[in-house]
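Below is one structure, written out as structure tokens; the observations come after it.
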Amino acid sequence: MSINLIDLAFSVFILTNRKLTLTFDLDVNIYFMSNVKERMKRAEDAINEIQTYVTSIVYMYENLKQFFQADLNYFEDANKNILSLISSLTLLNDQNKGNTVFNDSTVEPVAFLINSLNPSFMIINKEINAILPKLKEQLSTSTKAAQQFTQKTTSIIYDIRKSVKTCFEKTNKDKQKQTLGAKGALELGSHLHHYYSDMYSDLISEQEKLRQLIIDADMFIGKQMKAEEEIISLGSSVIADTFPFKDIEKTIVPRIEKEKVADYHQKIKAAFFALFTATGPPKSNEKEIVPHVWSDLQGDKFKARVWENFTPRFEGEIEVSRKEIVTVERVTMQQHWEVKRSNGITGMVPAAFLEPLR
């Protein structure tokens, strides 16, 4: 991931305290605010990619609903056909009894057929009547879950777009000020820190919400598919075993593989990585601006104050508290710095949350 927007401002702060000449004030502004439109486009592409993956999961919910609806239609039709067949045979038997044209040899086979089939029909009818309410309940539950997932993810995507847009709009607004000098650079860095910190916190929060929704979706769809299989298996077996006219052909219906839902977590995580990268300074400027600024940060360890509370979201990160003093063990060219707390715990913390004190 690209260097955070605030990292260079911290370098300015360090160099100012050391009374070094700030010959790169203009570079600061360029570094923070150059190619805003290009980075906004990259951020929008990343958000659209997240939206695409979310839409794919919505389709899985829709397929789940279709499965239950198809099962419901099948058993409702089967029930109607069985009742219609019983009614037709009964009517035929009654008509034959009152018709002198037919002899007893005609009446008896029909009556025998009805008497033979009736127990089987009653068993099937009873089983279907038990299945239909369950399928309707599962269909209703799946429909509500699909609606909730769609509503929540739509809200998350909206909040992501809004947060990124707000950050870039404020950055563009500050771009018009043409702030120069050490004091101006520090003020600019402070402003940009808050813009980026707010956006970063928002994106982390929305990413966690989306991650949890995907976990819930994976569990829910898997549970529903298992429930569908249990509900229809007995009914299908009863029909196949008791229906005497012909063999019931088993139709293989394409199913959702539960694992595919969980797979979208990694894809969305990668898209968020692209989003975080897009909100940082463009890589084309790194070689031109970073070396003479970041050279002052390399080498010795130094103390840093934590701007705000930070809670770990990913492996390798550690929790730090607002105003806590930590030791920066290693400065990286990425989003995180390696720090050590006073209790000896070492881990990674986003550079945007740290204020160098040396």
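With the UniProt record's numbering applied, the sequence shown has no gaps in its numbers, which climb one by one up to 358 at the end.
All residues carry an ideal CB built from backbone N, CA and C; glycine is no exception.
Measure the Cβ-Cβ separation of residue i and residue j and say whether it is below 9 Å.
i: leucine 203; j: phenylalanine 276; result: yes
i: phenylalanine 168; j: valine 36; result: yes
i: isoleucine 232; j: aspartate 77; result: no
i: tyrosine 61; j: isoleucine 215; result: no
i: glutamate 44; j: arginine 161; result: yes
i: leucine 138; j: phenylalanine 68; result: Here residue 138 is glutamine; the residue named in the question, leucine, does not match the sequence. Yes, they are a contact pair.
i: threonine 153; j: leucine 64; result: no
i: valine 164; j: isoleucine 47; result: yes
i: alanine 278; j: arginine 42; result: yes
i: lysine 303; j: glutamate 329; result: no
With H, G and I counted as helix, E and B as strand and the rest as coil, what does DSSP make of residue i?
i: glutamate 324; result: coil
i: arginine 313; result: coil
i: glutamate 329; result: strand
i: isoleucine 50; result: helix
i: asparagine 343; result: coil
i: glutamate 319; result: coil
i: histidine 292; result: With a pLDDT of only 32 at histidine 292, under the threshold of 50, the placement of this residue in the model should not be trusted, and no figure is reported.
i: aspartate 25; result: Note that aspartate 25 scores a pLDDT of 38, beneath 50, so its modelled location is shaky; the value from the coordinates is reported in the next line. Of the three classes helix, strand and coil, the one that applies to aspartate 25 here is helix, per DSSP.
When the Cα atoms are used, what is the spatial distance from residue i to residue j?
i: lysine 136; j: threonine 143; result: 10 Å
i: serine 88; j: isoleucine 268; result: 58 Å
i: glycine 235; j: isoleucine 124; result: 8 Å
i: glycine 316; j: methionine 348; result: 6 Å
i: proline 312; j: asparagine 73; result: 49 Å
i: lysine 340; j: glutamine 207; result: 26 Å
i: glutamine 148; j: leucine 91; result: 50 Å
i: serine 321; j: lysine 223; result: 40 Å
i: threonine 327; j: glutamate 338; result: 9 Å
i: lysine 40; j: glutamate 228; result: Reading off the sequence shown, one finds methionine at residue 40, where the question assumed lysine. If you take the alpha carbons of methionine 40 and glutamate 228, they lie about 45 Å apart.
i: methionine 219; j: glutamine 212; result: 11 Å
i: histidine 194; j: lysine 170; result: 10 Å
i: glycine 344; j: asparagine 172; result: 41 Å
i: alanine 145; j: threonine 346; result: 41 Å
i: leucine 132; j: serine 205; result: 42 Å
i: lysine 134; j: glutamine 266; result: 34 Å
i: lysine 226; j: threonine 166; result: 44 Å
i: serine 11; j: lysine 323; result: Because serine 11 carries a pLDDT of 47, less than 50, the predicted location of this residue cannot be relied on, and no value is offered for it.
i: alanine 274; j: alanine 352; result: 18 Å
i: phenylalanine 310; j: alanine 270; result: 22 Å
i: serine 197; j: histidine 336; result: 13 Å
i: serine 342; j: glutamine 66; result: 57 Å
i: phenylalanine 121; j: glutamine 95; result: 21 Å
i: isoleucine 86; j: glutamate 230; result: 28 Å
i: residue 415; j: phenylalanine 272; result: Absent from the model: residue 415. The displayed extent of the chain is 1 to 358, so no value can be given.
i: phenylalanine 314; j: aspartate 174; result: 32 Å
i: glutamine 51; j: tyrosine 59; result: 12 Å
i: valine 238; j: alanine 130; result: 12 Å
i: glutamate 38; j: tyrosine 53; result: 23 Å
i: asparagine 79; j: lysine 126; result: 9 Å
Start and end of the beta strand (DSSP E) containing residue i?
i: phenylalanine 302; result: 302-306
i: glutamate 338; result: 336-340
For residue i, report the span of its alpha helix (DSSP H) as first-last.
i: threonine 346; result: That residue, threonine 346, is in no alpha helix (DSSP H); its beta strand (DSSP E) goes 346-350.
i: leucine 357; result: No alpha helix (DSSP H) contains leucine 357, which DSSP labels as neither H nor E.
i: isoleucine 268; result: 258-278
Measure the beta-carbon distance from residue i to residue j and round it to whole angstroms, keeping in mind my assumption that it falls under 8 Å.
i: phenylalanine 75; j: isoleucine 156; result: Between isoleucine 156 and phenylalanine 75 the Cβ distance is about 37 Å, and since that is not below 8 Å, they are no contact.
i: leucine 354; j: tryptophan 307; result: 7 Å
i: arginine 305; j: isoleucine 325; result: 6 Å
i: tyrosine 200; j: proline 350; result: 7 Å
i: tyrosine 264; j: serine 84; result: Their Cβ separation, rounded to whole angstroms, is 45 Å, which puts tyrosine 264 and serine 84 out of contact at 8 Å.
At least one CB of chain B closer than 9 Å to the CB of residue i: is that the case?
i: histidine 193; result: The structure shown contains no chain B; it is built from a single protein chain.
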